[in-house]
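Residue numbers (UniProt numbering): 1 to 530.
Report on one structure; see the data block that follows.
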């Protein structure tokens with residue numbers, strides 16, 4: 001398979017090589033699109049976007065929608081035109097979406113039924129000239145939105161003169177703009193070119209055991225790099241099948257994955273998804289032995305849930321990365337799920353990494369440093385931002401801002417984000433390390449550690465703990481649990497029982513919000529603990 005086919009238009013290739021094999025499946029409706037049918041729809045939509053909506057090479061096409069096979073149809077239609085696909089986070093507030101649209105400046109915004117009114121407002125505020133919609137959205141209804149506000153892309157695709165696959169003029173041309181989560185500031189759009197997409201796909205194939213026979217159940221949102229490029233696009237590039245779930249439902253997902261007749265081989269999700277699935281009654285008797293791989297992204301999954309899936313035939317492995325890195329830079333092989341528990345894996349084949357100390361030099365194995373990444377899968381930069389004006393790059397290397405350690409075997413272990421580090425009595429404390437220890441306690445469902453001011457030590461930790469259902473949490477026992485597993489300066493000064501956290505789409509907890517809510521009261525017990 002050529003680079004051009006793998007990266008930019010697998011649809012045309014597989015429509016010839018395996019025309020009757022399933023490409024996309026809508027789990028909600030049961031509708032299946034073969035590769036030949038998908039090729040016809042993609043060609044028609046490319047023609048409609050160009051002829052009816054004026055989309056040309058280099059234009060941005062934004063999509064605001066829940067997971068739907070048509071999101072992927074739009075992506076491939078954009079590739080045929082040389083346009084740039086911009087999936088938007090539908091969970092954002094309107095001002096945030098307005099910022100993304102103003103920043104990316106799309107020529108058209110495509111939306112689904114649930115996002116119609118929001119899309120109309122955003123288009124007006126950001127000056128987007130054209131609106132288009134998924135099936136069944138166009139036309140006036142009780143919302144009061146006029147009938148001519150949205151172009152029906154399905155009807156347009158059926159009526160338009162189809163566009164055939166086209167050669168890539170430059171492999172450095174952008175194909176996607178993927179916005180970062182914004183947990184450290186305003187979101188920025190990482191540029192994904194034809195070349196970076198190609199190597200991102202290659203980085204996933206071998207570690208995940210992907211092939212043309214792979215059947216992937218897609219629940220991670222397509223507006224996120226992990227949802228789009230860690231498995232969805234790699235599976236499609238190889239001619240496999242992607243079954244799309246609009247929203248995550250733990251009961252339904254357990255049923256789908258455990259059903260041998262459905263034949264799913266791959267799944268990926270955030271830690272909280274696996275936790276919710278393990279609590280489903282049907283999980284107790286579930287059998288996943290027909291599956292190949294379950295991928296964890298966006299955080300750490302505790303030993304109890306990890307082994308529960310392993311015992312039922314599905315080894316789970318952690319992948320580490322970011323939107324800028326493709327999104328995977330290291331993966332734990334399934335054979336090392338338990339023996340290397342706590343690690344985030346070995347570096348992938350087509351991305352080089354360094355573990356760099358404060359002096360800019362590589363640190364020795366076993367020492368903590370910042371991960372720097374370089375290679376053809378790493379973003380060349382951010383949309384409309386000068387590469388030299390950001391601290392994210394040091395020459396050809398992308399600086400992750402993540403603190404990791406690499407052992408003698410080459411395995412990486414996440415310590416924390418450097419920006420989520422605090423100093424207590426002059427010592428560096430990484431909350432992620434403390435959170436993992438707290439999460440090992442059987443009474444704990446979830447935990448987050450923030451820093452608070454302390455008159456003696458400068459800063460100390462405050463642990464925010466979500467107990468397991470039905471458990472009356474003994475914070476004294478949790479503190480003792482930490483003291484036996486952590487250096488004294490790492491043990492939180494106090495422990496608060498809180499309600500379950502709100503998480504972003506990657507499964508991460510927005511620490512800034514927690515500090516604002518729980519970090520105002522100064523510590524009164526830290527000195528006594530030392």
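Every residue gets a Cβ at the ideal spot worked out from N, C-alpha and C, and that includes glycine.
Does the beta-carbon distance from residue 322 to residue 345 come in below 8 Å? no
Option in 209, 302, 444 with minimal Cα separation from residue 472: 444
Quick one: residues in its chain with C-beta nearer than 6 Å to the C-beta of residue 222, no 5 flanking neighbours on either side, listed in chain order? 67, 71, 87, 228
Just list the residues that DSSP pairs residue 495 with in beta bridges. Looking at the DSSP assignment, residue 495 forms a beta bridge with 463.
Skipping 5 residues on each side, what residues in its chain have a beta carbon closer than 7 Å to that of residue 157? 41, 44, 45, 48
Mapping DSSP to helix, strand and coil, what is residue 271? In the three-state reduction of the DSSP assignment, residue 271 falls in the helix class, which pools H, G and I.
Could you tell me the boundaries of the alpha helix (DSSP H) in which residue 253 lies? Looking at the DSSP string, the run of the alpha helix (DSSP H) that includes residue 253 is 250-258.
Inspect the beta-carbon positions of residue 410 and residue 458 and report whether they are closer than 8 Å. no
Quick check on this structure: which residue in 241, 169, 268 has the alpha carbon closest to the alpha carbon of residue 208? 268
Touching by the beta-carbon criterion (3+ pairs, under 8 Å), the segment 425-440 and the segment 482-501: yes
Beta-bridge pairing of residue 393 - partner residues as DSSP gives them: 398
Can you tell me where the beta strand (DSSP E) holding residue 87 begins and where it ends? 84-87
Neighbourhood of residue 517 by C-beta, 8 Å cutoff - its chain only, sequence neighbours within 5 removed: none
Mapping the DSSP letters down to three states, classify residue 189 as helix, strand or coil. strand
Alpha carbon of residue 417 to alpha carbon of residue 75, nearest angstrom: 32 Å
Straight-line Cα distance separating residue 468 from residue 496: 14 Å
Range of the contiguous alpha helix (DSSP H) that encloses residue 15: 10-17
Excluding five sequence neighbours on each side, which residues of the same chain lie with their C-beta closer than 7 Å to the C-beta of residue 77? 42, 45, 46, 49
Is the beta carbon of residue 293 sitting closer than 8 Å to the one on residue 338? Between residue 293 and residue 338, the C-beta spacing is not below 8 Å.
Assess, as a yes-or-no matter, whether the segment 98-111 is touched by the segment 241-255 under the definition of 3 or more beta carbon pairs within less than 8 Å. no
According to DSSP, is residue 180 part of a helix, a strand, or is it coil? coil
Grouping DSSP H, G and I as helix and E and B as strand, with all else coil, what is residue 455? coil
By Cβ distance, which residues of its chain are closer than 7 Å to residue 320, with the 5 residues on each side in sequence left out? Same-chain partners within the cutoff: 329, 330, 344, 345, 412, 414.
When burial is assigned at 16 or more other CB atoms within 10 Å of the CB, is residue 147 buried or exposed? Interpretation of residue 147 is limited by its pLDDT of 43, a score under 50 that renders its predicted location unreliable; no figure is taken from the coordinates.
Within 10 Å of its beta-carbon, does residue 298 have 16 or more other beta-carbons around it, so buried, or fewer, so exposed? buried
Going by beta carbon distance, what residues of the same chain come within less than 6 Å of residue 483, once the five residues before and after it are set aside? 491
Are there 16 or more other CB atoms within 10 angstroms of the CB of residue 135, so buried, or fewer, so exposed? exposed
With distance defined between alpha-carbon atoms, name the residue in 498, 450, 197, 504 nearest to residue 520. 450
Classification of residue 213 by the beta-carbon crowding that lies within 10 angstroms, buried from 16 upward: exposed
DSSP three-state assignment for residue 25, whether helix, strand or coil: strand
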